[in-house]
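Terminal number for the sequence shown in the numbering used here: 421, no gaps in between.
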Amino acid sequence: MGRYRLRCLECNRIVEDHYTLGCHDNALLRTEYAERTLTLKNLPGIWQFHDWLPVSGSMGSGDAPVTYRSEGFAQELGLHNLYISFSGYLPERGAFIKTCSFKELESPATLQRSIEHGNKTFVVSSAGNTARAFAQTASEVGLPLVIVIPVSCMNRLWITNDVPDNIRVIAVDGDYYDAIVLGNRVESIDGFRSEGGAKNVARRDGMGIVMLDAVLRMKTLPRHYFQAIGSGTGGIAAWEASIRLIRDGRFGDRMPHLHLAQSSPFAPIFNAWSGNRNVIAPEDVPDKSRIEETYTDILSNRNPPYGIKGGVADALSKTDGRVYAIENDEAHDAKQRFEAAEGVDILRPAAIAVAALCRSVDAGSIDPDDTILLNITGGGLSRLKEDYSPNHLGADLVVDANDLNDPTDGILEEIMGIL
Ligand SMILES: *Cc1c(COP(=O)(O)O)cnc(C)c1O
Ligand SMILES: [Zn+2]
Numbered sequence: 003m004g005r006y007r008l009r010c011l012e013c014n015r016i017v018e019d020h021y022t023l024g025c026h027d028n029a030l031l032r033t034e035y036a037e038r039t040l041t042l043k044n045l046p047g048i049w050q051f052h053d054w055l056p057v058s059g060s061m062g063s064g065d066a067p068v069t070y071r072s073e074g075f076a077q078e079l080g081l082h083n084l085y086i087s088f089s090g091y092l093p094e095r096g097a098f099i100k101t102c103s104f105k106e107l108e109s110p111a112t113l114q115r116s117i118e119h120g121n122k123t124f125v126v127s128s129a130g131n132t133a134r135a136f137a138q139t140a141s142e143v144g145l146p147l148v149i150v151i152p153v154s155c156m157n158r159l160w161i162t163n164d165v166p167d168n169i170r171v172i173a174v175d176g177d178y179y180d181a182i183v184l185g186n187r188v189e190s191i192d193g194f195r196s197e198g199g200a201k202n203v204a205r206r207d208g209m210g211i212v213m214l215d216a217v218l219r220m221k222t223l224p225r226h227y228f229q230a231i232g233s234g235t236g237g238i239a240a241w242e243a244s245i246r247l248i249r250d251g252r253f254g255d256r257m258p259h260l261h262l263a264q265s266s267p268f269a270p271i272f273n274a275w276s277g278n279r280n281v282i283a284p285e286d287v288p289d290k291s292r293i294e295e296t297y298t299d300i301l302s303n304r305n306p307p308y309g310i311k312g313g314v315a316d317a318l319s320k321t322d323g324r325v326y327a328i329e330n331d332e333a334h335d336a337k338q339r340f341e342a343a344e345g346v347d348i349l350r351p352a353a354i355a356v357a358a359l360c361r362s363v364d365a366g367s368i369d370p371d372d373t374i375l376l377n378i379t380g381g382g383l384s385r386l387k388e389d390y391s392p393n394h395l396g397a398d399l400v401v402d403a404n405d406l407n408d409p410t411d412g413i414l415e416e417i418m419g420i421l
């Protein structure tokens, strides 16, 4: 079978990989690896986990997360086996992810997979952290990249390298959804390629490294996994990695419970799951004006891969999981408590996960002896600024969201002009 194969979760057929993102529309593809046991490779960063990445080769970019046993915050909460997976910049703990979020676990594996299947110009639509991660990786390995991003998120678009000329930025005067719509049109141009979001097995298996790294460190699967979600792709990835680790056989056979957290003013996955729905209903998606009220707009995804086979709803039901809607003051308190106890700054989305853990502990729904994995999906930005000065990318073109319905395709012409 080679190193890996792809299986459609709807028809169960094996699908050949031509950078393939789907077979049946209502199902994800999932990677099956020839290596049943995970052996770390003598390669840098994420490439140590090469056995379980859907690529043949590797590239000279890709820092791994770090897992450590918490002392300060564990004591604060009265927990005895709290582990932190930290995707960010904290050299004192061996963490060197310079764009400070776990999106940088996805970008190297995804770009490597793209190179191996006929390289095309990559198009990423993002509200910030994904764009930053792909820009950092593309700048390190010299790959062409088009970023489509809301104007309001441009402040998040920086890298620690010099800004290269292989990256183009299209800023949309609209929201994240408008950026996706425009991104889809750019991807349809010959020679361009969509990254594919949750449908891309390389993105999911890249994020799955959080669980792999943690389990190798803890020597066991955790009982509970806490993460802040917008799309929930990281939650799917943690579940899939756990399936592989159970099959590996060395880390126990109990599936971890997923504890996934959203920001209360905009929480479609929470709403659907609490309503016992296996698809997101229109009434689950708040009006987009609510996004302004969230603790962080990073998590406000209007169309997450929830109902799709192998998606978030399946991940929650197969792991006997839970979803939280975190209030802004809870997130604020959690951030302060965590930062004081652990001595590192974290990004706002990560504070949403911390708050979910605090709430579970307060409610007594977690045994203090349980092994808990807290995914700090982003952090160390203040710490990074002691060592680096971020270089901001500018927009090559600004597009008005109202022009997106332009039937004459004048926008595409404008875009072609900057590429
Ligand atoms: C994207 C992001 C998340 C949410 O990830 P999912 O794709 O929903 O799993 C959480 N935290 C940070 C810092 C992020 O950038
Ligand atoms: Zn199929």
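Quick reminder that beta carbons are idealized off the backbone N, C-alpha and C, glycines included.
Please go through the same chain and pick out, in chain order, the residues whose beta-carbon is closer than 7 Å to the beta-carbon of residue i, but skip the five residues on each side of it.
| i | result |
| --- | --- |
| Thr-132 | Lys-105 and Val-126 |
| Ile-310 | Asn-28, Ala-29 and Leu-30 |
| Leu-23 | Gly-198, Lys-201 and Asn-202 |
| Glu-34 | Tyr-6, Arg-7 and Arg-9 |
| Asn-303 | Gly-232 and Ser-233 |
Spatial neighbours of residue i within its chain, please: CB distance less than 6 Å, with the 5 preceding and 5 following residues excluded, ordered by chain position.
| i | result |
| --- | --- |
| Phe-2 | This structure cannot settle anything about residue 2, because the visible part of the chain is limited to 3 through 421. |
| Ala-239 | Arg-206, Met-209 and Gly-210 |
| Leu-79 | Val-363 |
| Glu-73 | none |
| Asp-65 | Gly-47, Phe-98 and Ile-99 |
| Pro-270 | Ile-282, Asp-286 and Val-287 |
By alpha-carbon positions, which one of the options ends up nearest to residue i?
| i | options | result |
| --- | --- | --- |
| Asp-250 | Ser-367, Asp-53 and Glu-94 | Asp-53 |
| Ser-63 | Ser-103, Ser-109, Asn-83 and Ile-86 | Ser-109 |
| Leu-147 | Asn-404, Val-174 and Ser-116 | Ser-116 |
| Leu-359 | Tyr-21, Ser-60 and Leu-81 | Leu-81 |
| Arg-187 | Met-213, Val-150 and Cys-155 | Val-150 |
| Ser-60 | Ala-111, Tyr-308, Ala-243 and Val-217 | Ala-111 |
| Met-220 | Val-68, Asp-411, Leu-399 and Ser-128 | Val-68 |
| Tyr-227 | Thr-379, Pro-56 and Trp-275 | Thr-379 |
| Val-281 | Ser-319, Pro-370 and Glu-294 | Ser-319 |
| Val-212 | Phe-88, Glu-415 and Arg-158 | Phe-88 |
| Pro-267 | Trp-275, Glu-242 and Ile-293 | Ile-293 |
Mind checking residue i: buried by the 16 CB within 10 Å criterion, or exposed?
| i | result |
| --- | --- |
| Ile-169 | buried |
| Asn-278 | exposed |
| Gln-77 | exposed |
| Cys-13 | exposed |
| Gln-50 | buried |
| Asp-255 | exposed |
| Pro-258 | buried |
| Gln-2 | Residue 2 lies beyond the stretch modelled for the chain, which goes from 3 to 421, so this question has no answer here. |
| Met-418 | exposed |
| Asp-347 | buried |
| Arg-15 | exposed |
| Val-325 | buried |
Take residue i and list the residues in its own chain whose beta-carbon comes closer than 8 Å to its own, dropping the five residues that flank it on each side.
| i | result |
| --- | --- |
| Thr-41 | Asp-53 |
| Pro-307 | Leu-30, Gly-199, Ala-200, Lys-201, Ser-233, Gly-234, Thr-235, Ile-238, Gly-313 and Val-314 |
| Asp-371 | His-82 and Asn-83 |
Is the CB-CB distance between residue i and residue j below 8 Å?
| i | j | result |
| --- | --- | --- |
| Ala-336 | Val-356 | yes |
| Thr-235 | Ser-265 | no |
| Leu-375 | Gly-323 | no |
| Phe-272 | Leu-223 | no |
| Tyr-85 | Tyr-70 | yes |
| Leu-113 | Ala-140 | yes |
| Ala-181 | Val-171 | no |
| Val-165 | Asn-393 | yes |
| Gly-382 | Cys-155 | no |
| Pro-351 | Ile-420 | no |
| Ser-58 | Glu-118 | yes |
| Lys-290 | Phe-194 | no |
Original post:
So which residues touch the region around ligand 2, with touch meaning a C-beta under 5 Å from any heavy atom?
Top reply: Result (chain order): Cys-10, Glu-12, Cys-13, Cys-25 and His-26.
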